[in-house]
Amino acid sequence: MAEISRGSDGGIDATDAAILDMLEADGRATLSQLATGSGLSVSAVQSRVQKLEKRGIIKGYRAVIDYERRGLPISAFVSVTPLDYSRESEIPDKLHDLDGVVSCYSIAGAPSFILLVRVATPSRLEELLNLIHRTVPVSTETTVILQTYF
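Under UniProt numbering, think of the first position of the sequence shown as 1, with each following residue one higher.
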């Protein structure tokens, strides 16, 4: 489990950090479970969670999916390097809605972005890479994920 930054700029105290750690481990934890784990009352935990949501520290809640069972057994990281850096800022918006692109990260280094993609077959991965190249002027390098440990 990642440790939450507790710096003064984030305004997270130890109790908020404990609540965030519990929610990160189990996004479906009940207010009662969070209260037990934090030593607060249910109403106090509810108030803190609402404040963390309003401040944008809690951005949402998600299900953890077994993508192989869902029919998307192939996951890959696609490093994306713009061919025209004057249009670099357009790349995330243009790739956002492509079927198979899960997330886009801006990174430091030679590639400007790394995409996480999930597809059903190797041929679908090839089709997605071709679509990326048709959508934006970029070069790519693909790393297929064999196994995720955490």
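Think of the CB as a built atom: it goes at the ideal place given N, C-alpha and C, for glycine as much as any other residue.
Since we're looking at a predicted model, the values are computed, not measured.
- Beyond the five residues adjoining it in sequence on each side, K94 comes within less than 6 Å, by CB distance, of T135 and V136 in the same chain, given in chain order.
- R118 sits buried, since 16 or more C-beta atoms from the chains shown fall within 10 Å of its C-beta.
- Looking only at G56, L125, T121 and F77, the smallest Cα-Cα distance to T148 is reached by F77.
- Put simply, the segment 102 to 122 touches the segment 67 to 75. At least three CB pairs are less than 8 Å apart.
- If only complete runs of 4 or more residues are kept, the segment 68 to 120 shows the alpha helix (DSSP H) at 91 to 95, in order along the chain.
- S43 counts as exposed, since fewer than 16 other C-beta atoms from the protein chains shown sit within 10 angstroms of its C-beta.
- For T135, there is no enclosing beta strand (DSSP E); the enclosing alpha helix (DSSP H) has its first and last residue at P122 to T135.
- The way I'd put it, the segment 50 to 63 doesn't touch the segment 29 to 39; fewer than three beta-carbon pairs between them come closer than 8 Å.
- Going by C-alpha positions, S79 is about 46 Å away from S41.
- When beta bridges are read from the DSSP output, E141 appears opposite S79.
- V42: member of the alpha helix (DSSP H) spanning V42 to K54, first to last residue.
- In the structure shown, the three-state DSSP call for L31 is helix.
- DSSP, read as helix, strand or coil, puts T15 in helix.
- In this structure, I19 and S38 form a Cβ contact; the two beta carbons are roughly 6 Å apart against a cut-off of 8 Å.
- Between T140 and L129, the C-beta spacing is below 9 Å.
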